[in-house]
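Trainee: The structure that follows is given in the form of structure tokens.
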Amino acid sequence: MSETKRILLVRTDRIGELLLTTPAMRAMRQAFPQAKISIIVNPSSADVVEGSPYVDSVIRFDAKGKNVNFIEKLKFLMMIKRSNFDLVVIFNPSKFFNVLTFLAGIPIRVGYNRKLGFLLSHKIEDKKYLCEKHEVEYNLDLVMLIGAKPDNKTPYLPLDDATEERIKDIFKFNAINEDDLLVAVHPATSNPDKMWPSDRFAQISDDLINEFGVRVILIGGKEEARVTNEVKTKMKNSVLDLTGALSIKGLGLILKRCLFLISNDTGPVHISAAVGTPTVVLFGEERPGGSSKRWGPYGEGHSVISKPKVRDITIEEVYEVARKRVIELCRKN
């Protein structure tokens, strides 16, 4: 495979999943330093890899998009075929991409032996559902199949100067100073089974403000505004609400400035881990494939609080962890 010149990576699910694929992307760049590497991603996740040193181009495509009909899929197939890729790695099992890359004539097709996996040239059994190890490790298994040897397994989010200037403006406008203690709170998630009640997030936020004088920043996508509004209305103190106001890189820069993030099991947890900010994550473990062993924040310095149902986690349990976090981090700083 030393002659490989054009590589295609495929990861078209959500932000967190794509971030947890970045160590595998890094390993591919190290294994094939002269190759041109492209990646297909969901348009909503593209900011995760824009500007990454591990890829040369980002292809946005959502096969399940409302406006993506048969003709659009055929055009996409022809574009991939014309690109003359030598090798493709499909990180999320997909009938569509297994078929597409086969029809595009890509010689080396790497992925999991499911969802028409017989169309792949190199495949491994998909045991992700067993949650025996972290998603980062599962992704690395695929690229190790073709000779990549990872030496750094840390997820990576590229940040840029223009976004950093915008975040400085947000801080200035909201009178946030360099010595302010910031705690980010992400109370929403796309899956109701993963959501800790909003009144508990409100209580935790108020308690941290009252005891330590922290500034709480509420974060989330614009589609999560209802939940963050619930938290705000149930709080006695004021907060900075940046729901729907940030790009992925912008959120990364906000989190980089925070002491830690308190969150449900969702994408911002992995953004926080990627920029080196500790997390306090609330997990409901009984969901199939939803184990914190597979989906928890990757790396050291994080706190995972888990029970079979996330609603069974008490305010006292979370506050005890959060309180210790503030004290520990203030001592370090």
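Residues 8 to 340 in our numbering are what the sequence shown lists, from first letter to last. Ideal placement from N, C-alpha and C gives every residue a C-beta, glycine not left out. In this text, all values refer to a predicted model and were calculated from it rather than measured experimentally.
#1: Measuring CB to CB, does Ala281 end up less than 8 Å from Leu26?
#2: Report the residue from Val288, Cys337 and Val234 whose alpha carbon sits nearest the alpha carbon of Lys314.
#3: Following the continuous beta strand (DSSP E) through Ser197, name the residue where it begins and the one where it ends.
#4: Using CA atoms only, rank isn't needed, just tell me which of Thr161, Lys243, Arg116 and His193 is closest to Asp93.
#5: Using three-state DSSP, classify Ile47 as helix, strand or coil.
#6: Considering Cα atoms alone, identify which of Met85, Ala31, Lys82 and Val276 is closest to Asp148.
#7: Residue ranges of each beta strand (DSSP E) run of no fewer than 3 residues wholly in the stretch 269-297, ordered along the chain?
#8: With DSSP as the reference, label Ser64 as helix, strand or coil.
#9: Identify which residue in Ser299, Arg207, Leu15 and Gly227 has its Cα closest to the Cα of Leu137.
#10: Please report the distance separating the alpha-carbon of Ala209 from that of Ile14.
#11: Note down the Cα distance separating Asp272 from Val325, rounded to an integer number of angstroms.
#12: Straight-line CA distance for Thr235 to Pro204?
#13: Determine, using beta-carbon pairs with one atom in the stretch 80-87 and one in the stretch 119-136, whether at least three such pairs fall under 8 Å.
#14: Using a Cβ distance threshold of 8 Å, determine whether the stretch 183-194 contacts the stretch 214-233, with at least three qualifying pairs required.
Mentor: In brief:
#1: Sequence index remark: in the sequence shown, residue 281 carries index 274 (1-based). Sequence index remark: in the sequence shown, residue 26 carries index 19 (1-based). Cβ distance < 8 Å, so Ala281 and Leu26 count as in contact.
#2: For the purposes of this step, residue 314 is identified with residue 307 of the sequence shown, where counting begins at 1. If you compare the alpha carbons of Val288, Cys337 and Val234 with that of Lys314, the shortest gap goes to Val288.
#3: Mapped onto the sequence shown, residue 197 falls at position 190. Element bounds for Ser197: n/a, residue is neither H nor E.
#4: By 1-based counting over the sequence shown, the position of residue 93 is 86. Distance check between Asp93 and each of Thr161, Lys243, Arg116 and His193 places Arg116 closest, using alpha-carbon atoms only.
#5: The residue given as residue 47 occupies position 40 in the sequence shown. Of the three classes helix, strand and coil, the one that applies to Ile47 here is strand, per DSSP.
#6: Along the sequence shown, one-based indexing puts residue 148 at 141. Per the Cα distances, Ala31.
#7: 286-291
#8: Locating residue 64 in the sequence shown gives position 57, counting from the first residue. In the structure shown, Ser64 sits in a strand (DSSP, three-state: E or B).
#9: One-based indexing of the sequence shown puts residue 137 at position 130. Looking at the Cα atoms, Ser299 is the closest of the given residues.
#10: For the purposes of this step, residue 209 is taken as the residue at position 202 of the sequence shown. For the purposes of this step, residue 14 is taken as the residue at position 7 of the sequence shown. Using only the alpha carbons, I get a separation of about 47 Å.
#11: As a first step, residue 272 must be located in the sequence shown, where it is residue number 265. As a first step, residue 325 must be located in the sequence shown, where it is residue number 318. If I take the Cα positions, the gap works out to 14 Å.
#12: As a first step, residue 235 is located in the sequence shown; it is residue number 228 there, counting from the start. As a first step, residue 204 is located in the sequence shown; it is residue number 197 there, counting from the start. Cα-Cα distance, rounded: 11 Å.
#13: no
#14: yes
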